[in-house]
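Novice: Numbering (this note's numbering), first residue to last: 2 to 132.
1. Can you have a look at residue 99 and say buried or exposed, based on whether 16 or more other CB atoms are within 10 angstroms of its CB?
2. Is residue 24 buried or exposed, if buried means 16 or more other CB atoms sit within 10 Å of its CB?
3. DSSP state of residue 48, grouped into three classes?
4. For residue 121, does the three-state DSSP call read helix, strand or coil?
5. Between residue 64 and residue 85, what straight-line distance do the alpha-carbon atoms span, to the nearest angstrom?
6. In the structure shown, what three-state DSSP assignment does residue 41 receive?
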């Protein structure tokens, strides 16, 4: 028996997560250049950015290609934990500058994409997983 195709909500989730990663790279790079350049080496910054990107990419792949519920909830929890520093930085800089705008766009993309994981079509798709 063939598993059902990837629903639109899951394809949209994947696209929104990729977009959020790209905006996140821009946000992280801008933050590094304006606030962290003298405090953190470029090699450490790039290494941390690549680790975070790799973890998110693996989780998104496991969610959309393997229907892994554990990875779904792990991504939701990690994203929730990441909002505390995001809110602190936005509170410090505000939304009126470039960094604040990037943070707002990235946060909106992440929240919107994660909400797609709990839609009825996504829940049905996860439930139809064939082991």
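Glycine included, every Cβ here is placed at the ideal spot set by N, Cα and C. None of these values were measured; they are calculated from a predicted model.
Specialist: This is what the structure gives:
1. exposed
2. buried
3. helix
4. helix
5. 24 Å
6. coil
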